[in-house]
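Numbering (the working numbering), first residue to last: 533 to 632.
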Amino acid sequence: MARQVIELTEITASLSGPAEMTVGSSFDVEWTGPGNQRDFITIVETGAADSRYLSYSYATSGTPATLRAPAQAGRYELRYVTGNANRVLARQGVTVKVEE
Numbered sequence: 533m534a535r536q537v538i539e540l541t542e543i544t545a546s547l548s549g550p551a552e553m554t555v556g557s558s559f560d561v562e563w564t565g566p567g568n569q570r571d572f573i574t575i576v577e578t579g580a581a582d583s584r585y586l587s588y589s590y591a592t593s594g595t596p597a598t599l600r601a602p603a604q605a606g607r608y609e610l611r612y613v614t615g616n617a618n619r620v621l622a623r624q625g626v627t628v629k630v631e632e
């Protein structure tokens, strides 16, 4: 019987989007991650369940992901989410503001 050593590594992701945006505006998010089928980048209310999403872009569409800011001003999170388990691999806090 042959044996082979395998090494398991943790799956990671990162996000780089604007810190602020105006309600309803489009914006880009640079990301790194596994890019598996059904993985997605989204914006959600801060503290929302991991399965929650608003505007999203599938990772298979490539980087940057283009999203639309929510219609309500407030604190939100950008997230990289695995499509097979809704596991959040990366988060970035953002603020959505009313245009001045």
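We put the beta carbon where it would ideally sit given N, CA and C, even for glycine.
Nearest-angstrom beta carbon gap, residue j and residue i [assumed within contact, 8 angstroms]
i, j, result
"Y608", "I575", "5 angstroms"
"L599", "S587", "4 angstroms"
"T592", "G556", "With a Cβ gap of about 26 angstroms, T592 and G556 do not count as contacting."
"M553", "A601", "5 angstroms"
"A551", "T627", "7 angstroms"
DSSP state of residue i mapped onto helix, strand, coil
i, result
"T592", "helix"
"V537", "coil"
"S583", "coil"
"E675", "The structure shown has nothing for residue 675, since the chain only spans 533 to 632."
Residues bridged to residue i [DSSP beta-bridge criterion]
i, result
"Q624", "L610"
"T598", "D560"
"I573", "S589 and Y612"
"E552", "T627"
Own chain, CB closer than 8 angstroms to residue i, minus 5 neighbours either side, in chain order
i, result
"P596", "D560, V561, E562 and W563"
Cβ-based burial, residue i [other Cβ within 10 Å; buried from 16]
i, result
"S589", "buried"
"T614", "buried"
"A617", "exposed"
"R535", "exposed"
"L540", "exposed"
"V630", "exposed"
"R570", "exposed"
Cut-off 6 angstroms between Cβ atoms - residues of its own chain near residue i, not counting five sequence neighbours on either side
i, result
"S546", "T564 and A622"
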